[in-house]
Amino acid sequence: MHTGIRERELTWAEFTEEVLPEARTLATDASAAGIERYLGVLAASASRVDPASIARPQFSAYPGYPDDVGFALSHRGSPFLGVQFWIEPGAFLPFHPHPGGSVCTLFLEGAARVSNFEFAEPMDALDWEKKGDVLVRRTREQLLHPGDINLVANPRDNIHGFRAGPKGARGIDITTGNRPENRHGDSLLEIAGAPRDATLGVFEAHWRDS
Ligand SMILES: [Fe+2]
């Protein structure tokens with residue numbers, strides 16, 4: 045009898061083999077709709093991956109990020125990289141955007157609450173040099189358990205940040221430079237705790253010095 049729990053039939057290696065041909069084709073379309081299609085294909089396959097097939101690596105601190113968050117490159121390829129992250133229990137992986145592309149997060153271990161935001165104005169209208177204050181809109185909030193997926197599209201949901209649960213949080217970010225010409229240096233965002241407009245989820249934010 046089917047229990048209703050989705051079967052996890054793919055290893056990470058089988059996932060990459062299955063998804064790469066179509067992913068390579070779809071990654072050539074850098075339009076907003078093209079990136080959504082690309083992520084949809086990644087997510088459909090990634091949701092069938094057994095989290096236990098992805099080994100826990102040695103994590104390292106990353107410049108500008110807090111010490112209780114670690115990263116490890118665990119898949120190097122084209123069109124995507126696989127970057128694992130580990131967040132200590134209760135710690136926060138700060139909000140940051142991905143202007144140069146997209147992310148499909150496959151959650152692996154523990155629990156986390158992820159929030160996605162998007163910029164209230166077009167990303168190419170932002171001053172990435174002077175920075176200053178910006179307005180963002182909260183688009184998504186999701187509780188992640190192993191096997192769950194969260195997507196960072198472009199421009200939709202382009203900003204994400206994670207709060208780890210009491211046993212910490214590990215995931216793998218399937219990261220693609222769909223728009224490498226729009227890439228900017230790593231920048232963290234501080235987002236106000238209360239919205240300016242609760243109905244539309246508009247928040248004030250400012251860039252963190254790092
Ligand atoms: Fe990210």
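In this note's numbering, the protein residues as written are 45 to 254.
Each residue gets a CB set at the ideal place from its N, CA and C atoms; glycine is no exception.
With burial defined as no fewer than 16 other Cβ atoms inside 10 Å of the residue's Cβ, what is the status of residue i: buried or exposed?
i      : result
Gly237 : exposed
Leu188 : buried
Glu51  : exposed
Glu173 : exposed
Trp122 : Rather than Trp, the amino acid found at residue 122 in this sequence is Ser. With fewer than 16 Cβ atoms within 10 Å of its Cβ, Ser122 is classed as exposed.
Gly84  : exposed
Phe59  : buried
Asp241 : exposed
Pro166 : exposed
Leu70  : buried
Pro258 : Outside the displayed span of the chain (45 to 254) sits residue 258, for which this structure offers no information.
Gly154 : buried
Pro224 : exposed
Excluding the 5 residues preceding and the 5 following residue i in the sequence, name in chain order all residues of the same chain whose CB lies nearer than 6 angstroms to its CB.
i      : result
Glu234 : His250, Arg252
Phe247 : Val180, Ile235, Ala236, Pro239
Gln128 : Pro101, Ala116, Ser118, Ile216
Trp130 : Phe103, Gly114, Arg214
Asn226 : Pro143, Gly144
Ala57  : none
I'd like the list of long-range same chain contacts for residue i, defined as Cβ closer than 8 angstroms, with 5 residues on each side in sequence excluded.
i      : result
Asp111 : Ala105
Leu232 : Gly108, Tyr109, Pro138, Phe139, His140, Trp251, Arg252, Ser254
Glu62  : Leu54, Ser89
Leu258 : The requested residue 258 does not occur in the structure, where the chain is confined to residues 45 to 254.
Who are the Cβ neighbours of residue i in its own chain at under 7 angstroms, not counting the five residues just before and after it?
i      : result
Ala87  : Cys148, Ile193, Leu195
Leu152 : Pro95, Ile98, Pro190, Arg214, Gly215, Ile216
Leu170 : Phe163, Val178
With 7 angstroms set as the bound, which would you pick, yes or no: does the beta-carbon of residue i sit closer than that to a beta-carbon of chain C?
i      : result
Asp201 : The question asks about chain C, but that chain is absent: this structure has only one protein chain.
With a cut-off of 8 angstroms, do at least 3 Cβ pairs link the region 186-196 to the region 137-156? Taking one beta carbon from each stretch, the region 186-196 and the region 137-156 have 3 or more pairs nearer than 8 angstroms; the two touch.
Segment contact flag, the region 129-143 with the region 199-209, C-beta cutoff 8 angstroms, min 3 pairs: yes
Along the chain, which unbroken stretches of the beta strand (DSSP E) at least 3 residues long are found entirely within the region 137-175? 146-163
Going residue by residue through the region 185-246, where are the continuous beta strand (DSSP E) segments of at least 3 residues, counting only ones entirely within it? 193-196, 203-220, 233-235
Identify every run of the beta strand (DSSP E) within the region 64-134, keeping only runs that are complete inside it and at least 3 residues long; order them along the chain. 113-119, 124-131
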